[in-house]
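Protein chains in written order, with my numbering: chain A, 1 to 332; chain B, 333 to 646; chain C, 647 to 955.
1) Distance check for residue 35 of chain A and residue 76 of chain A, CA to CA, integer angstroms please.
2) Helix or strand or just coil, what does DSSP make of residue 233 of chain A?
3) Shortest alpha-carbon distance to residue 424 of chain B belongs to which of B:621, B:629 and B:631?
4) Can you say whether residue 336 of chain A is buried or exposed, counting buried as having 16 or more other CB atoms within 10 angstroms of its CB?
5) Measuring only between beta-carbons, confirm whether residue 563 of chain B sits less than 8 Å from chain F.
6) What does the Cβ neighbour count give for residue 339 of chain B, buried or exposed, with the cut at 16 atoms within 10 Å?
7) Touch check for the region 84-101 of chain A and the region 545-565 of chain B: three-plus C-beta pairs under 8 Å?
8) Going along chain B in order, which residues have a C-beta closer than 7 Å to the C-beta of residue 98 of chain A?
9) Name the two residues that bound the continuous alpha helix (DSSP H) containing residue 746 of chain C.
10) How big is the Cα-Cα spacing for residue 840 of chain C and residue 776 of chain C?
11) Any idea which residues DSSP pairs residue 23 of chain A with across the strands?
12) Would you mind stating whether residue 704 of chain C and residue 752 of chain C have Cβ atoms separated by less than 8 Å?
13) Within the 8 Å Cβ cut-off, does residue 811 of chain C reach chain B?
14) Among all the DSSP beta bridges, which residues are the ones paired with residue 216 of chain A?
15) If the criterion is Cβ atoms closer than 8 Å, does the pair residue 10 of chain A and residue 32 of chain A meet it?
16) Of all Cβ atoms in chain B, is any one closer than 8 Å to the Cβ of residue 225 of chain A?
17) Buried or exposed, going by whether 16 or more other CB atoms sit within 10 Å of the CB of residue 385 of chain B?
18) Kindly indicate the opening and closing residues of the alpha helix (DSSP H) around residue 470 of chain B.
19) Would the beta-carbon of residue 8 of chain A fall within 8 Å of that of residue 215 of chain A?
20) Within 8 Å (strictly less), CB to CB, does residue 440 of chain B reach chain C?
21) Determine the chain B residues that contact residue 155 of chain A at a beta-carbon separation under 8 Å, and present them in chain order.
22) What is the DSSP secondary structure of residue 8 of chain A, reduced to helix, strand or coil?
23) Report the option in B:585, B:462, B:479 and B:634 whose CA atom is closest to the CA atom of residue 341 of chain B.
24) Tell me, please, whether the CB atom of residue 417 of chain B is closer than 8 Å to any CB atom in chain C?
25) What residues from the region 104-126 of chain A come within 7 Å of chain B, judged by C-beta to C-beta, listed N to C?
26) Give the DSSP-derived three-state secondary structure of residue 98 of chain A in the structure shown.
27) Ends of the beta strand (DSSP E) at residue 71 of chain A?
28) Are any of the Cβ atoms in chain C nearer than 8 Å to that of residue 591 of chain B?
29) Does chain B have any CB closer than 8 Å to the CB of residue 754 of chain C?
30) My output table needs one value for residue 31 of chain A: the three-state DSSP class, helix, strand or coil.
31) Any C-beta of chain B sitting closer than 8 Å to the C-beta of residue 824 of chain C?
32) Does chain A have any CB closer than 8 Å to the CB of residue 544 of chain B?
33) From A:169, A:48, A:19 and A:37, pick the residue whose C-alpha is nearest to that of residue 217 of chain A; which is it?
34) For residue 237 of chain A, which residues in the same chain have their Cβ closer than 6 Å to its Cβ, ignoring the five residues on either side in sequence?
35) Going along chain B in order, which residues have a C-beta closer than 8 Å to the C-beta of residue 18 of chain A?
36) What residues from chain A crowd round residue 635 of chain B, counting only those whose CB sits closer than 8 Å?
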């Protein structure tokens with residue numbers, strides 16, 4: 001992935017959290033790139049640091065409990081990380097948007113849907129009230145809300161979870177952003193609605209040629225909707241690959257474990273394969289490879305810090321033994 | 333929405349009724365025969381009977397209450413035993429002064445309390461927040477009449493900056509009205525401002541952590557519009573609730589402070605009535621104040637529909 | 647004012663990412679010990695408790711501590727400023743030693759609030775239990791009455807009562823207590839309703855447990871914490887209301903004196919003897935703050951406990 005094509009670049013991001021034990025690093029050495037019109041899935045279990053990464057990109061880390069220690073985040077080469085809050089707030093909702101996991105609580109209950117969308121349009125596009133309202137109806141229709149011209153006057157409580165998520169999407173794409181970050185957009189929704197929302201995001205991405213960062217823990221979602229995948233474990237990126245490569249030929253033991261543990265409907269399984277152990281807490285991570293203690297293939301070398309390396313063009317992996325492992329065997 | 337309004341209105345009526353019963357029942361609390369107590373120990377039996385009828389104490393409780401209530405609804409609150417003037421006339425004459433003070437105190441509580449509370453809430457944990465919290469705590473604990481004493485001492489007695497007594501109606505001279513209201517208004521408003529600040533801060537803090545505020549930030553809204561619109565409106569319910577509660581508190585504190593500043597309001601009337609056991613006047617005052625408070629509560633209730641739209645449909 | 651949920655300053659996100667240490671309960675420690683330990687961690691509350699106990703001791707030992715008889719008039723020495731002629735806080739318009747009067751005044755000022763809160767409990771507790779358990783129109787009548795009483799400011803209620811029954815400390819405090827009853831009623835009723843709604847009550851009931859036993863073993867533990875907190879807050883209100891009524895001259899009557907009475911005297915002679923207004927005012931404020939902080943401390947150390955359950 002060349003620098004010039006990337007719309008969004010994350011370089012060497014590190015985030016710390018304030019806990020009972022003082023400041024602890026919860027994500028480090030995070031490097032990501034997303035190109036125009038492309039979806040990069042950021043995958044990991046809860047506690048992997050993926051949500052924190054997404055918030056850091058937007059500049060929405062809740063200080064002082066979470067803090068970006070260092071790193072550079074660039075939107076078309078412009079450094080977001082050296083912007084003031086005021087400058088950043090002008091970008092958010094305009095060129096860089098985010099939607100969140102909990103649609104039920106993410107819309108201000110005291111305002112109508114029309115007012116909420118209108119606010120974004122007036123802030124970034126200076127539209128008049130009536131123009132904003134008209135555009136709002138258009139947007140609601142685009143995201144698949146029926147009877148939009150009536151619904152625009154409704155308050156969030158009148159919408160179901162899936163509908164609220166659509167409203168949030170409408171707010172996020174109102175100004176046709178270049179980058180859309182979706183943090184677990186379907187996790188809180190019914191399975192049937194999940195597919196619809198992903199479909200909607202896909203079609204919007206095509207329409208606006210957006211770069212999408214899809215944060216999720218659900219590999220099934222990844223398979224459906226992303227071109228490339230970055231896997232995070234305990235605060236580190238452990239593998240980056242195209243979605244096809246990742247599922248057929250994972251290079252990192254953790255990735256292999258994740259892929260293996262997807263329940264499959266085509267093959268008879270006698271039991272579900274889970275990865276033994278649990279994610280270490282930030283203060284418990286090893287100095288060396290964070291995954292070593294749960295890894296079936298760990299060697300002595302794994303006790304030393306592991307850098308991420310380019311395995312093949314377009315693939316990166318953080319594993320000192322990747323060359324010697326053939327993990328696609330375990331997929332069968 | 334209309335449905336909601338009507339329901340709230342209907343809910344107030346039984347409360348008014350109970351307040352009226354309590355006001356009326358006051359006469360029964362008087363030890364011994366109230367008629368004798370009022371007419372005097374040395375009154376003749378005929379005089380006592382006269383007083384009894386005057387007080388409306390003939391007949392059984394329901395009859396008496398009904399009679400009294402119908403008089404009240406016709407605007408007749410009885411006659412003061414002390415001065416023989418109609419109770420309502422007296423109250424009416426003194427209401428403007430008291431209401432001036434109450435409104436002044438309330439406005440002070442709002443324009444000082446809310447902004448300070450918002451600032452403290454937005455800057456939670458910083459020295460600003462801690463300082464304001466300390467001030468608020470001290471303010472709530474300070475009795476209004478002591479604060480009034482200190483204010484008089486500081487501004488009036490030693491330095492003659494502001495008047496220590498008297499009341500000038502707004503219609504006569506707005507500036508003088510203001511000058512005379514400033515010290516007493518400050519004295520009663522301070523504790524309320526502190527309560528409002530406290531509640532506002534807590535409301536702001538709990539709203540700020542909500543997901544929809546994060547959404548607002550993610551959509552690039554300015555800090556100011558987030559604070560002014562989204563935070564305040566959602567914190568509106570607890571804030572307006574505490575403001576509504578201040579009305580009763582301010583009226584009560586106002587009674588004492590009026591005495592101190594020689595303001596010709598309900599306070600003076602009430603104290604004089606207590607000392608002379610002028611029950612009809614007390615009944616009138618209780619009824620009027622109770623009605624004011626209940627009406628205020630109704631307004632607060634109705635405002636909830638604005639702050640929390642979900643209520644409009646229920 | 648504490649935001650207990652944010653005590654560690656960790657956001658929801660980071661909380662999920664970082665491990666929270668488990669609170670270890672030492673074996674055999676009772677809830678009381680737990681509460682005491684937590685309460686000790688609240689510096690303001692502890693300091694306030696100490697101050698309150700100090701004031702209580704002063705009240706009890708006033709006769710020993712006071713240099714003069716509080717009612718001894720000495721017209722020659724009237725309006726003596728503080729720290730003059732053996733009068734620590736000066737004298738009032740009748741030459742009475744202000745310091746002694748302050749010490750003796752603490753007695754009524756400290757006791758009166760407890761009378762008021764006691765009256766409130768006597769009225770509100772049974773009413774709340776009754777309304778909560780019976781429900782139906784009993785509940786409606788009691789609740790409406792409680793709401794109506796709350797519509798009247800405490801001072802007004804007290805003044806009305808005193809107008810009918812005559813001035814005096816007891817009457818004043820009974821009146822103030824009546825004003826407190828609705829708040830207590832609410833808490834008790836709420837807790838009773840909650841307990842009634844719990845499924846284990848149905849189980850208990852079907853195995854024949856009597857209402858009394860239900861109240862004893864289930865309702866009381868639930869209402870005790872919020873009730874204690876509320877009582878502390880109400881004590882603070884009672885101090886202020888008593889002071890207000892005494893200031894108006896209809897509360898504590900001479901020859902008795904509370905700090906409210908002293909404040910009034912100070913005000914009456916503000917120009918001539920401003921020193922008389924400071925000590926009672928400050929003491930009232932301190933006492934009110936004490937009750938407030940104790941209440942906050944109780945809420946924090948009891949609140950978490952019940953939530954954990």
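We put the beta carbon where it would ideally sit given N, CA and C, even for glycine.
Here's the rundown:
1) 10 Å
2) strand
3) B:621
4) The requested residue 336 of chain A does not occur in the structure, where chain A is confined to residues 1 to 332.
5) No chain F appears in this structure, whose protein chains are A, B and C.
6) exposed
7) yes
8) 550
9) 744-780
10) 14 Å
11) A:18
12) yes
13) yes
14) A:43
15) yes
16) no
17) exposed
18) 459-473
19) no
20) no
21) 641 and 642
22) strand
23) B:634
24) no
25) 105, 106, 107, 108, 109, 110, 119, 120, 123 and 124
26) strand
27) 66-75
28) yes
29) no
30) strand
31) no
32) yes
33) A:48
34) 30 and 230
35) What residue 18 of chain A touches in chain B: nothing, since even the nearest Cβ is about 12 Å away.
36) The premise fails here: residue 635 of chain B is roughly 12 Å from chain A at the closest Cβ pair, so nothing lies under 8 Å.
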